[in-house]
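To start, the structure itself, in structure tokens.
Number of protein chains: 2
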Amino acid sequence: MTKKTRRLVTIHDVAKASGVSVSTISRVLNQKSDVAEETQQRVLEVIQQLGYSSNLAARSMRSSRTYMIGLIVPDVEYAYSLEVLKGVNHAIATSDYDLLIYTTGSFQKQDTAVHEQQYVSRLNGTVTDGVIVVTPSARSFSSTAPIVSIDPHVIVENYPTVYVDHYQGAVEAVRYLVELGHRRIAYITGRSGMQNSERYRAYCDVLAEAGIPYDPDLVHEGDYSIDCGTVGARVLLALPDRPTAIFAANDQTAIGVSEAVEQLGVRIPDDLSLIGFDNIPEARFYQLTSVDHPLMQMGMMAVELLIKAIEGQTIEETITKIPTRLVVRKSCQALAENVKSL
Amino acid sequence: MTKKTRRLVTIHDVAKASGVSVSTISRVLNQKSDVAEETQQRVLEVIQQLGYSSNLAARSMRSSRTYMIGLIVPDVEYAYSLEVLKGVNHAIATSDYDLLIYTTGSFQKQDTAVHEQQYVSRLNGTVTDGVIVVTPSARSFSSTAPIVSIDPHVIVENYPTVYVDHYQGAVEAVRYLVELGHRRIAYITGRSGMQNSERYRAYCDVLAEAGIPYDPDLVHEGDYSIDCGTVGARVLLALPDRPTAIFAANDQTAIGVSEAVEQLGVRIPDDLSLIGFDNIPEARFYQLTSVDHPLMQMGMMAVELLIKAIEGQTIEETITKIPTRLVVRKSCQALAENVKSL
DNA sequence: GCAGGAATTGGAAGCGCTCCCGAAATTTTA
DNA sequence: TAAAATTTCGGGAGCGCTTCCAATTCCTGC
Chain R
38 MTKKTRRLVT IHDVAKASGV SVSTISRVLN QKSDVAEETQ QRVLEVIQQL
88 GYSSNLAARS MRSSRTYMIG LIVPDVEYAY SLEVLKGVNH AIATSDYDLL
138 IYTTGSFQKQ DTAVHEQQYV SRLNGTVTDG VIVVTPSARS FSSTAPIVSI
188 DPHVIVENYP TVYVDHYQGA VEAVRYLVEL GHRRIAYITG RSGMQNSERY
238 RAYCDVLAEA GIPYDPDLVH EGDYSIDCGT VGARVLLALP DRPTAIFAAN
288 DQTAIGVSEA VEQLGVRIPD DLSLIGFDNI PEARFYQLTS VDHPLMQMGM
338 MAVELLIKAI EGQTIEETIT KIPTRLVVRK SCQALAENVK SL
Chain B
38 MTKKTRRLVT IHDVAKASGV SVSTISRVLN QKSDVAEETQ QRVLEVIQQL
88 GYSSNLAARS MRSSRTYMIG LIVPDVEYAY SLEVLKGVNH AIATSDYDLL
138 IYTTGSFQKQ DTAVHEQQYV SRLNGTVTDG VIVVTPSARS FSSTAPIVSI
188 DPHVIVENYP TVYVDHYQGA VEAVRYLVEL GHRRIAYITG RSGMQNSERY
238 RAYCDVLAEA GIPYDPDLVH EGDYSIDCGT VGARVLLALP DRPTAIFAAN
288 DQTAIGVSEA VEQLGVRIPD DLSLIGFDNI PEARFYQLTS VDHPLMQMGM
338 MAVELLIKAI EGQTIEETIT KIPTRLVVRK SCQALAENVK SL
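Protein sequence lines correspond, in order, to chains R and B.
Counting from 38, one number per residue, gives the positions in the first sequence under the working numbering.
Counting from 38, one number per residue, gives the positions in the second sequence under the working numbering.
Put into structure tokens, the structure is as follows:
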């Protein structure tokens, strides 16, 4: 039965039931050494018997150790976040900590940077011992407890950061298309921010390096969503001099492209080569060539760093850059002799 | 910069800075009416200026309203949980509440029921105003704040519950196979619990109804994992009188089957019909016929119910049963004339 | 011109917990 | 055997907040 007791069992009840003081109970709970073996046993029994569980709020108000780690994630519905989540979850499982995920569905909102601070202070130093922030927009946080960021929009040296070499990854992707003989290569961007601009820079650099003139018509603005992929595909393929390849800022957008393309009667890879970024699990099903972004691994590393920080160890290198890897599937094809556009 | 201030700004700092008492600040924060317009303005300004955010722990220790809803989920890596999560997230987005997800990776552990209570009391009445528990094993919870359960292992009337008609769904699935002419129908079970036994009961009932004798060799014990699907497939297909169809307790297991089968040189649906349960997104990619389990919708309903309960409204019907729907894809085939087994 | 009421505010208790400090009990040392 | 050291435990302050209660000011109306 759901007992709607007015109050849950507190440390006082345990104290009364076991005939010792509240302080002693607290000592047992926190595994302090100065408590008699016998007393400890008795207290532990009573705790078990009463089903007592210490009040997180009260506990964390006094001592800042809660053995909880917070994960602040922009959008739990996007595969990107879920992959990170999996990695974090794995690492947590083998640690002494529990995981608390805080989401606000603010991925699409504009004022993220403002809210992020609020979320951080909501959790950190209150209910969690430290926080991992995924793709933060904010450049800095005020917090009493440690913070680790994953793939921030702007790289700053203030707190440990795990991120992926977006520039290098994008270079590989675009270069791959160039090597296949493509010259009309379109790019569907993500939302503004460091990651996106890095990828954009790579796109431009590789074109320049290959002596391909930059065509603004081939750059379509997106926002990492599936929809922007479908829209982008329609716009780009309606161009008089249509592209032979599309580089999408992330896999989700690439999936949007491939879905739109199907309806337009354009075949991948025969009529259009397509390449994504992130290598999310779904990419496999779409046979999508993509830049692998080891999100799970990054999540695990972030946890490691955070726990180190929580436990007072110094972290020598704040910035951890992880290499990407091009995963070739069947969404790209060499452009045989007809390099001269359509 | 990450300011590692010893203490964050408290209500006292705000009080001092705005020249009023702590009580007044609290009144402003909680939007009580009895505060002069002018004072309120001034306090609000100071709050803004100092970047003050009230301490969740302290606040929730006194008043039980935190405007946070907890989701206790057994395993964030399984698509089932993720679908529920999406629904919950959607519903939360349009409410006044924020979402806190608590996971412990205990899906595979045995003593879940024991731990669940701990997790509930950890959050509820402390940091959250109410909690949604996904697939609880426990029959009852002691809690000061409302609880809603999704798909519990055992249906109890103690708290609002949203669940799906497993029996009916499984009946449809097995009946579909029978109608296709299959008589050697295997079943790979999930872990013990209500959901599984309901599906099992349906399996037996439909066989009986069709006059097909029950063969214990065709029931393989699983645990909802991918692995048990691959193992199950190997065992079942090694049988002298091998099944022509497999009903898997969930899609994950079905996916395991289809992966094993590929290696064994058995083709789906030509040599083996396969049907799953839950209709997770991946099912589409595997062309898996499955019983649709509207998890997102269930998540949304659970949030609605919980908010009602939190806000003191009475919930007329505690148990909400949601119908399933058979989604036919290409993993099943009629067994033409050769119904006489191989 | 003064009692009674409303509007506004401050004081203080206490939520459940941790932890410092010192007391009591016990053991060790001279 | 007395003093000192050690072990074990209780008292109590206080974390940041809400909320009851009471105090203060300022209007009303007679």
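In this text, a Cβ means the ideal position worked out from N, Cα and C, and glycines have one as well.
This structure is a prediction, so every number in the text was calculated from the model and none was measured.
query: Cutoff 8 Å: residue 297/R Cβ touching any chain B Cβ; result: no
query: Residues of the stretch 98-113 of chain R with Cβ closer than 8 Å to any Cβ of chain B, in chain order; result: 98, 113
query: Chain R contact for residue 140/B (CB, 8 Å cutoff); result: yes
query: Sequence-distant residues of the same chain with beta carbon closer than 6 Å to residue 209/R, five excluded per side; result: 363
query: Selection from 305/R, 271/R, 284/R that minimises the alpha carbon distance to residue 297/R; result: 271/R
query: Beta-carbon proximity of residue 167/B to residue 352/B, cut-off 8 Å; result: no
query: C-alpha gap between residue 135/R and residue 244/R, whole angstroms; result: 47 Å
query: Secondary structure, alpha helix (DSSP H): runs of 4+ residues fully inside the stretch 216-265 of chain R; result: 231-246
query: Residues that residue 123/B contacts on chain R, provided the C-beta gap is smaller than 9 Å; result: 113, 114
query: Those runs of the alpha helix (DSSP H) which lie wholly inside the stretch 262-311 of chain R and span at least 4 residues; result: 263-274, 288-300
query: Beta-ladder partner(s) of residue 169/R, from DSSP; result: 108/R, 185/R
query: Any chain B beta carbon closer than 8 Å to residue 320/R; result: no
query: Beta-bridge pairing of residue 56/B - partner residues as DSSP gives them; result: DSSP, once it has assigned bridges, lists no residue as partnering residue 56/B.
query: For residue 180/R, the first and last residue of its enclosing beta strand (DSSP E); result: Residue 180/R -> no beta strand (DSSP E), and no H or E assigned at all.
query: Residue 328/B versus residue 66/R - alpha carbon distance; result: 47 Å
query: Per-residue burial, residue 246/R [other beta carbons within 10 Å of its own, 16 or more giving buried]; result: exposed
query: Strand pairing of residue 313/R, partner residues [DSSP]; result: 327/R
query: Contact set between residue 164/B and chain R, taken where Cβ atoms lie within less than 7 Å; result: 93, 94, 164
query: Nearest to residue 369/B (by Cα), restricted to the options 343/B, 284/B, 350/B; result: 284/B
query: Secondary structure of residue 198/R, DSSP reduced to three states; result: strand
query: Through-space distance from residue 213/R to residue 303/B, alpha-carbon basis; result: 37 Å
query: Residue(s) in a DSSP beta bridge with residue 129/B; result: Beta-bridge pairing links residue 129/B to no other residue.
query: Whole-angstrom distance between residue 233/R and residue 253/R, CA atom to CA atom; result: 16 Å
query: Nearest-angstrom Cβ-Cβ length linking residue 9/R and residue 169/R, presumed shorter than 8 Å; result: This structure gives no information on residue 9/R, because the portion of chain R shown stretches from 38 to 379.
query: As assigned by DSSP and simplified to three states, the class of residue 71/R; result: coil
query: Through-space distance from residue 179/R to residue 361/R, alpha-carbon basis; result: 31 Å
query: Cβ of residue 325/B within 8 Å of any chain R Cβ; result: no
query: 8 Å Cβ cut-off: residues of chain B touching residue 137/R; result: 137, 138, 139
query: Where residue 119/R meets chain B, residues with beta-carbon distance less than 7 Å; result: 119
query: Integer-rounded CB distance, given that residue 290/B should sit under 8 Å from residue 259/B; result: 5 Å
query: Stretch pair the stretch 75-91 of chain B + the stretch 303-313 of chain B: three plus CB contacts closer than 8 Å; result: no
query: Rounded Cβ spacing between residue 223/B and residue 257/B (contact assumed at less than 8 Å); result: 7 Å
query: The stretch 67-76 of chain B touching the stretch 117-129 of chain B, judged by at least three CB pairs closer than 8 Å; result: no
query: Segment limits, beta strand (DSSP E) that includes residue 358/R; result: 356-359
query: Validate contact between the stretch 99-111 of chain R and the stretch 98-107 of chain B using beta carbons, cut 8 Å, 3 pairs; result: no
query: Beta-carbon gap between residue 59/R and residue 80/R smaller than 8 Å; result: no
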